[in-house]
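Since the structure comes first, as structure tokens, the remarks are kept for the end.
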Amino acid sequence: LAVWADGTALLTEKEFNELFDAAIKEQPELQGMAPSFMPIIKQNLLNSLVQYKIIAKYIEEKGLDKTKEYLEKLEQISKAVKQKVNVDFFVKEFESSVSEKEKKDYYDKNKDRFALVARGGVKASGVKFDKEADAQEFLGKVAGKVAEFDKLVKADAKLTKAMQDFAYVNEDSRQIDQILKNGILSIAKAPVVTIIKVDDKNFWVVKATEKKASQYRSYEELKDQLENAVKQSKQGEALMKKLTELQQKYGVKVKEAIFAPAQDEKAMQAALAEGSDSEDDAEQFAQDDSQEVEKTTKAA
Numbered sequence: 540l541a542v543w544a545d546g547t548a549l550l551t552e553k554e555f556n557e558l559f560d561a562a563i564k565e566q567p568e569l570q571g572m573a574p575s576f577m578p579i580i581k582q583n584l585l586n587s588l589v590q591y592k593i594i595a596k597y598i599e600e601k602g603l604d605k606t607k608e609y610l611e612k613l614e615q616i617s618k619a620v621k622q623k624v625n626v627d628f629f630v631k632e633f634e635s636s637v638s639e640k641e642k643k644d645y646y647d648k649n650k651d652r653f654a655l656v657a658r659g660g661v662k663a664s665g666v667k668f669d670k671e672a673d674a675q676e677f678l679g680k681v682a683g684k685v686a687e688f689d690k691l692v693k694a695d696a697k698l699t700k701a702m703q704d705f706a707y708v709n710e711d712s713r714q715i716d717q718i719l720k721n722g723i724l725s726i727a728k729a730p731v732v733t734i735i736k737v738d739d740k741n742f743w744v745v746k747a748t749e750k751k752a753s754q755y756r757s758y759e760e761l762k763d764q765l766e767n768a769v770k771q772s773k774q775g776e777a778l779m780k781k782l783t784e785l786q787q788k789y790g791v792k793v794k795e796a797i798f799a800p801a802q803d804e805k806a807m808q809a810a811l812a813e814g815s816d817s818e819d820d821a822e823q824f825a826q827d828d829s830q831e832v833e834k835t836t837k838a839a
């Protein structure tokens, strides 16, 4: 397919075909290319291989492949390649099949993470009362009369001030008390008006007007993706278990403390975590630490 000036082979057809087959194997997406594109792909590969051969000949003629820098770089890359091949073969040791039940269980447990189309929830609003008796009195006026809820609230300035629109409450809702959120999510049917007790001084009369279920992509729709996900999950668990066993078998001990935060950094983190009473103190601590680092750097 290509020769040097003296007529010796630069690239044989056999060598090219072997490299082409290897490229196809490494990049499966090329297999799906239309046949009309194959000549272009082969020509591009041929041009690249010829260029690599020319570069290699130049490097040899110049003796660059004998230099210390070249050899160090080659060794570095060789180690990296060997490390990758080691990992590839180690991973292959833990390949496994996936049953239909495993895929279905994985879907049911993780569908909120990868199959969610639209988050459902309960559309709600509520009025907060300090006393349960007052909450019960208001509930008596609106129980079974959801339409009366807004009218009564608007007619009373005190109730209007205590009223809050929660919009749609779901598991992702953050700006709402956890007990109140759980109470709203436990509502089975809407529309309804009910009381939710948060604590002895917080009683909410909640109006729920709609409850929507979350929407998900179906199991059948994600079946193929699930097989890969379950394989990776099982493989990952098996890998970590084996690595732990091997670490114990080979008596490997890691000096984890060597990268632990410095003592002054730990002190700062502790102060911030505890919610220091004075932000100024924390800021001064950081400034002092920064100045100390600067002094050390200059000295070095």
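In terms of this note's numbering, the sequence shown opens at residue 540 and continues consecutively. Every residue, glycine too, gets a C-beta built ideally from N, C-alpha and C. Values in this document were obtained by computation on a predicted structure and should not be read as measured data.
Check: Exposed or buried, what is Tyr-646 when buried is set at 16 or more other beta-carbons lying within 10 Å of its beta-carbon?
Finding: buried
Note to self: Tell me the DSSP secondary structure of Val-692 in three-state form.
What the structure shows: helix
Notebook entry, point to check: Does the beta-carbon of Trp-743 have 16 or more other beta-carbons within 10 angstroms, so that it is buried, or is it exposed?
Noted result: buried
Notebook entry, point to check: Looking at C-alpha atoms only, which residue of Lys-736, Leu-782, Val-637 is the closest neighbour of Gln-675?
Noted result: Lys-736
Next item on the list: For Ile-723, count neighbouring Cβ atoms within 10 angstroms of its own Cβ and tell me buried if that reaches 16, exposed if not.
Entry: buried
Check: Near Asp-604, which residues of its chain fall below 6 Å by C-beta distance, leaving aside the five closest residues on each side in sequence?
Finding: Ile-598
Next item on the list: Could you have a look at Thr-547 and say whether DSSP puts it in helix, strand or coil?
Entry: coil
Notebook entry, point to check: By DSSP, does Gly-602 sit in helix, in strand, or in coil?
Noted result: coil
Note to self: Which runs of the alpha helix (DSSP H) at least 4 residues long sit entirely within the stretch 601 to 652? Give them in chain order.
What the structure shows: 607 to 631
Next item on the list: For Val-681, count neighbouring Cβ atoms within 10 angstroms of its own Cβ and tell me buried if that reaches 16, exposed if not.
Entry: buried
Notebook entry, point to check: Where does the unbroken alpha helix (DSSP H) through Ser-772 begin, and where does it stop?
Noted result: 758 to 788
Check: Exposed or buried, Phe-629, counting other C-beta atoms within 10 Å across all chains shown (16 or more means buried)?
Finding: exposed
Checklist line | Sufficient close CB pairs (3 or more, under 8 Å) joining the stretch 652 to 666 to the stretch 755 to 772 | finding: yes
Check: What residue from Gly-546, Lys-662, Pro-800 has the CA that sits closest to Ala-729's CA?
Finding: Lys-662
Checklist line | Beta-carbon proximity check, Gly-665 vs Gln-703, cutoff 8 Å | finding: yes
Check: To the nearest angstrom, how far is it from the Cα of Ser-772 to the Cα of Lys-643?
Finding: 14 Å
Next item on the list: Find out if the Cβ-Cβ distance for the pair Asn-709, Arg-658 is shorter than 8 Å.
Entry: yes
Margin query: Quick check on Ala-747: does DSSP put it in helix, strand or coil?
Written below: strand
Next item on the list: Measure the alpha-carbon distance for Glu-766 versus Lys-648 and round it to whole angstroms.
Entry: 14 Å
Notebook entry, point to check: Rounded C-beta distance between Lys-770 and Val-637? I'm assuming under 8 Å.
Noted result: 6 Å
Check: Helix or strand or just coil, what does DSSP make of Gln-566?
Finding: coil
Next item on the list: Could you check what DSSP says for Met-702 in three-state terms: helix, strand or coil?
Entry: strand
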